[in-house]
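In the working numbering, the protein residues as written are 1 to 60.
Right, dumping it as structure tokens:
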């Protein structure tokens, strides 16, 4: 018998911190979140917060 299994595509705070510490990005751009402002409190990195419809140009 097949049962429905729900999985979330969202990582929890601990997993996000581990990922950021492993990658060591220059910038963090939170997306698809209602709590993007909290990223500045959690991570010791440059956090770029975009508003709906706002764009960000990324250059090498």
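Cβ coordinates follow ideal geometry from the N, Cα and C atoms, glycine included. Every value quoted in this text rests on a predicted model; they were computed, and no experiment measured them.
Would you check if the distance between the CB atom of residue i and the CB atom of residue j is smaller than 8 Å?
| i | j | result |
| --- | --- | --- |
| residue 39 | residue 25 | no |
| residue 47 | residue 28 | yes |
Specify the secondary structure class of residue i as computed by DSSP and reduced to three states.
| i | result |
| --- | --- |
| residue 58 | coil |
| residue 47 | strand |
| residue 10 | coil |
| residue 15 | helix |
Quick one: what's got a C-beta closer than 8 Å to residue i's C-beta in the same chain, skipping five residues either side?
| i | result |
| --- | --- |
| residue 17 | 42 and 43 |
| residue 11 | 19 |
In chain order, what residues of the same chain have a beta carbon less than 7 Å from the beta carbon of residue i, not counting five sequence neighbours either side?
| i | result |
| --- | --- |
| residue 13 | 42 |
| residue 50 | 29 and 56 |
Can you pull the DSSP bridge partners for residue i?
| i | result |
| --- | --- |
| residue 42 | Residue 42 pairs with nothing; no bridge assigned. |
| residue 28 | 47 |
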